[in-house]
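Undergrad: Here it is, the structure, as structure tokens.
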Amino acid sequence: MLVRLGALKRGVGVRSYSVSSHTDARSRLQRSLLYVPSSNDRMLQKSLSSPSDALIYDLEDSVAPNEKKRARTALLGFLQSQPPEHASRTFVRLNAIDTPQFVDDITTVLKWEHLQGIVMPKIHSASYLDQVASYVPEGRPLNIIASIESARGLWDAGHIAGWKAGQGAGNKVAVSSLLMATAAKAFGVQCIDMVCVNYKDTNVLRDECEEARRLGYDGKQAIHPNQVEIIQSTFVPTEKEITRAAKVISQMARSHASSTGAFGLDSGSGNVEMIDAPMLKQVNYPFFPPSLIRNLLQSLTNSGIGSLKRLRRRSQMQKPPD
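Just so we're aligned: 290 in the UniProt record's numbering is position 290 of the sequence shown, and the numbers increase by one with no gaps anywhere.
Written as structure tokens, this is what we have:
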């Protein structure tokens, strides 16, 4: 399970950092995060045409021990050949902080001046993130995606999710997944589900995506390009959710205009549910990017459900940020 933390930026003279806001972190959809082996030159080049929201160039598990040094050098050359606008969806997974490769990994990738984020595996506590941050030059912002892979890390999930540098701060089961998602939501950071290793069975992948979405995850990692489409089409609002959100926003606006609070919303099946201010927050969750929220009312007013369906299709096909 991954937790995406905000950008750290060490201040001058003191070990204090700023973390990007919840709103900023959610302004970009990151439903799918595709791993790319850095030791494979063909896959490095092929990754540029992937529609995945984020690309994670891997120096860890997908690279053989005797290939680590070559992969590190090859990746740096590849990244330095890319235009700066590609950096916004680019991450590099380093080897764990307690491995011999870590220092060379982080010092090498930081040579790419446009690097915006790294993935750190095997984060067992918030202190691990402090160690990572100590290698980042002062004044340089860097996003960190922390990978929680142990019972110890899960136990410290709240501290990891709420970490701000300098402030100390196996098999998946539903309870641990829910705990991780809850910790991420509590601290306003993104929570990303683990990979589906059965990359040939699309039904297994779809089931895992839907389960993760129900638990509150924001996206899912991928190990094969063919997984990206299913992941991205799952971690977006359904037509029913978009329609309901538009109705809630519209009726809440009318309710406030008439100086009333709660109101009844017809579900369309003869049932009426009570809607008040807390319910409004439910339609502003991560799968509704700001642009989608802004268009909900207009779509419902102008063209009804047909327009909402087109709106959902556009959200599914959304291109990664430049």
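From the three backbone atoms N, C-alpha and C, an ideal C-beta is built for every residue, glycine too.
What's the call for alanine 174, buried or exposed, on a 16-neighbour Cβ count within 10 Å?
TA: For alanine 174, the predicted model reports a pLDDT of 48, less than 50, meaning its position is unreliable and no value from the coordinates is stated.
Undergrad: Would you call leucine 129 buried or exposed, if buried means 16 or more other Cβ atoms sit within 10 Å of its Cβ?
TA: buried
Undergrad: Restricting to Cα atoms, I'd like to know which of Arg31, Ser62, Ser39 and Asp41 is closest to alanine 54.
TA: Arg31
Undergrad: Kindly list the residues whose CB is nearer than 8 Å to the CB of glutamate 210, restricted to its own chain and excluding five residues on each side of it in sequence; keep chain order.
TA: By the criterion of a C-beta distance shorter than 8 Å, glutamate 210 is surrounded in its chain by Thr234, once the five residues flanking it on both sides are discounted.
Undergrad: On the three-state DSSP scale, how would you describe valine 195?
TA: coil
Undergrad: When you compare only the Cα positions, how much space is there between lysine 111 and lysine 200?
TA: 37 Å
Undergrad: Which residues does DSSP pair with phenylalanine 91 in a beta bridge?
TA: Ile56
Undergrad: In whole angstroms, what is the alpha-carbon distance linking phenylalanine 102 and arginine 93?
TA: 10 Å
Undergrad: Throw me the rounded Cβ distance for the glycine 216 and alanine 181 pair, which I believe falls under 8 Å.
TA: That pair is a contact at about 4 Å.
Undergrad: In terms of alpha-carbon separation, which member of Val36, Ile145, Asn66 and Leu33 lies closest to alanine 126?
TA: With respect to the C-alpha of alanine 126, the residue from Val36, Ile145, Asn66 and Leu33 having the closest C-alpha is Ile145.
Undergrad: Go through its chain and collect everything with a Cβ distance to threonine 202's Cβ below 7 Å, but skip five positions before and after it.
TA: Ile230
Undergrad: Provide the residue span of the beta strand (DSSP E) that contains arginine 35, from first to last.
TA: This sequence places tyrosine at residue 35; arginine is not what is there. Unbroken beta strand (DSSP E) run through tyrosine 35: 32-37.
Undergrad: Can you tell me the Cβ-Cβ gap for leucine 79 and isoleucine 56, rounded? I've got them flagged as a contact below 8 Å.
TA: At roughly 13 Å, the Cβ-Cβ gap does not stay under 8 Å, so leucine 79 and isoleucine 56 are not in contact.
Undergrad: With 16 as the cutoff for other CB atoms within 10 Å, does valine 228 come out buried or exposed?
TA: buried
Undergrad: Go to glycine 139, then tell me how far its alpha helix (DSSP H) extends in each direction, as first and last residue.
TA: Here glycine 139 belongs to no alpha helix (DSSP H), and DSSP marks it neither H nor E.
Undergrad: Helix, strand or coil: how does DSSP classify alanine 64 here?
TA: coil
Undergrad: If I measure Cβ to Cβ from glutamate 60 and keep anything under 6 Å in the same chain, skipping five residues before and after, which residues do I get?
TA: Arg93, Asn95 and Pro121
Undergrad: Just to check my reading of the structure: valine 109 and isoleucine 118 have Cβ atoms closer than 8 Å, yes? What is that Cβ distance to the nearest angstrom?
TA: 7 Å
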